[in-house]
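Going by our numbering, the first residue of the sequence shown is number 1, and it counts up by one from there. Cβ coordinates follow ideal geometry from the N, Cα and C atoms, glycine included. Note that the coordinates shown come from a computational prediction; the quantities given were computed from them, not determined experimentally. Contents: one structure, followed by commentary.
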Amino acid sequence: MQLIKAIVRPNKVDEVKEALEKVGVTGMTVTEVRGHGQQKGHTAIYRGKEYAVSLLPKMQIETVVADSDVDTIIRALVGAARTGEIGDGRVYVTPVMQSYKIRTGERES
């Protein structure tokens, strides 16, 4: 099993969710996060005063998938999230050694 964690633009979440569902992803966790990468934020004006916004709103999507499905899922995710601009996001893949169902205590590996 692999944990796929993607940080994407907030306006791309619905497209990514639909793309993942089309390739068979049945469950995911979506979290609002803040951060920056290459773009380092931007300046904004509020009530006539300029200030720096260094942590931009992003969305984090996490799902655990079978090893054999990782490449297909990443292609679908990246295809749905990409705009071609700086700040499109990042995808991380991490091995999952075990998981447990809380309701039953059943172990999956």
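Self-check item: I4 and T63 closer than 8 Å at C-beta
Solution: Taking 8 Å as the Cβ cut-off, I4 and T63 qualify as a contacting pair.
Quiz item: Taking DSSP as the reference, what is the three-state secondary structure of S99?
Solution: S99 falls in the strand class under three-state DSSP.
Quiz item: What are the start and end residues of the alpha helix (DSSP H) that includes T72?
Solution: DSSP places T72 inside the alpha helix (DSSP H), whose first and last residues are 70 to 81.
Practice problem: Answer yes or no: do V23 and A81 have a C-beta to C-beta separation smaller than 8 Å? | Solution: Their beta carbons are not under 8 Å apart, which means V23 does not touch A81 by this criterion.
Self-check item: Outcome for G105 when other beta-carbon atoms lying within 10 angstroms are tallied against a minimum of 16
Solution: Using a 10 angstroms sphere on the CB of G105, the tally of other CB atoms stays under 16, which defines it as exposed.
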